[in-house]
Each structure stands twice: as C-alpha cells, then as structure tokens.
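First up is the structure itself, then whatever we jot down about it.
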Amino acid sequence: MLDAVLRRRIDPPVARLAALLVTYGVGANAVTVAGLVIGLAAAAAIALGSPLLGLMLILLSRLCDGLDGAIAKDTRPTDLGGYLDIVFDFVFYGAIPLGFAVLNPAQNALPAAVLLLTFYANGASFLAYAILAEKRKIATDVRGTKSFFFSTGLAEASETIIAFCLFCLFPGWFPVIALVFAGMTAWTFAARVWLAVRTFG
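Next comes the structure, spelled out in structure tokens:
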C-alpha cells in the first residue's frame with residue numbers, strides 16, 4: 015500500500031548509491047546475498063535478546079534489497095538475480111518472526127506461527143498470480159521494472175518492514191502487532207485470490 019509513495023522518495027538516493035557501488039565493481043547478486051546474510055543476522059540478534067541491534071540490521075538488510083535492483087538496472091538485469099531477490103526476501107520475512115518466537119516462546123510462538131501462516135498463503139497467492147500473468151503476457155510497472163508481475167495489496171514490503179521495526183522497538187507488544195499485521199496480510203491474500211478469480215476465471 016505504501017510502496018508506491020515511499021519509492022518516489024527512496025529510489026533517487028538509492029540509485030545514486032547504487033551508481034557509486036557499480037563504479038567499484040559491486041554486482042547486484044553479491045548485494046542480494048549480503049542482504050540475506052545481514053537479515054539472518056538480524057533474526058539471530060533478536061533471538062539472542064538484542065532487538066535494537068536486530069532493528070539496525072533489518073534496516074541495513076533492506077537497504078541491500080533496494081540496492082540490488084538499482085545496481086542491476088545500471089548493469090545487466092538477469093533472471094537469476096530476480097529469482098534470488100524474491101526467494102531471499104521470503105527467507106528474510108520468515109526469519110524475523112522466528113527470531114521473536116525463539117526470544118520468548120511462551121508469549122510469541124503462537125502469534126509468530128499465525129503471522130508465518132499468512133505470509134505463506136500470501137506469498138503463494140503472489141507467486142502463483144505472477145506465473146499465470148506471465149503465461150498470459152499480462153504486465154505492469156506499478157512497482158517499477160521487475161522480473162515478474164507484482165500484484166499490489168494492503169500488506170506489501172513497506173508495511174512489512176514497518177511491522178518488523180515495531181517488533182524491535184516494542185518487543186513486549188509483539189503478539190498484538192503480529193496478529194494485527196497477520197490480519198492485514200490475510201486481507202491481502204484474500205484480495206489477491208479475488209483478483210485471480212476476476213482475471214483468470
């Protein structure tokens with residue numbers, strides 16, 4: 015929901031930083047891998063009781079997630095790069111709730127499980143739609159140039175990062191925030207299924 019608004023503000027400085035990295039020979043796939051490693055380190059920091067360190071690592075990881083696409087545009091986008099980007103994003107999205115579940119299983123395990131279920135369902139609806147959109151040659155640039163079709167929704171990347179930041183800033187409120195965000199994600203899943211019914215039915 016917020017991705018389109020935030021991209022207009024974030025993309026220009028990210029593009030400038032990406033251009034600088036390209037001059038030093040930094041490749042897009044290397045940045046994608048670095049983003050995943052940093053994201054997993056964030057989850058580990060959270061699990062070990064350092065959510066504020068986790069917050070800083072989450073933000074650094076997501077900077078890498080923005081940089082890899084910008085670097086690819088300045089060099090040569092590849093199918094492998096698009097594949098790694100989306101797969102590693104989903105690994106990261108699952109790792110952060112898992113970190114909070116490990117941090118406090120008694121309080122956080124069930125809300126984290128509910129959130130992960132909605133992530134799983136929403137991810138499946140997103141990727142399945144992208145596959146069929148490609149089959150039918152349906153295209154969109156509503157989220158910029160991507161390797162595959164991006165269907166929009168209430169819970170997108172920006173909302174996910176905001177939720178993760180709130181988890182880290184208010185770890186005692188993780189169950190409430192996680193369940194609210196799970197509701198938003200479930201709504202997005204339902205909206206994408208309805209879109210598929212209208213488009214492919």
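Position 188, counted from 1, in the sequence shown is what the working numbering calls 202; the numbers after and before it change by one each time, with no gaps. We treat Cβ as the ideally placed atom computed from N, Cα and C, and that holds for glycine.
For the pair Met198 and Thr89, the Cα-to-Cα distance works out to about 36 Å.
With distances taken between CA atoms, Ile85 lies nearest to Val40 out of Ile176, Val40, Ala135 and Ala169. Taking the C-beta atoms as reference points, Leu50 is found no nearer than 9 Å to Leu81. Here Ile191 is buried. Its C-beta has 16 or more other C-beta atoms within 10 Å. By alpha-carbon distance to Leu112, the top candidate from Val101, Ala126, Pro26 and Thr213 is Ala126. Residue state for Thr46 is assigned as helix, using DSSP reduced to three classes. For Ala56, the closest of Tyr107, Lys149, Ala29 and Asn43 by C-alpha to C-alpha distance is Tyr107. For Glu170, the number of other beta carbons within 10 angstroms of its own is at least 16, and it is reported as buried.
Taking the Cα of Pro119 as reference, the smallest distance to any Cα among Leu62, Ile24 and Met70 is reached at Leu62.
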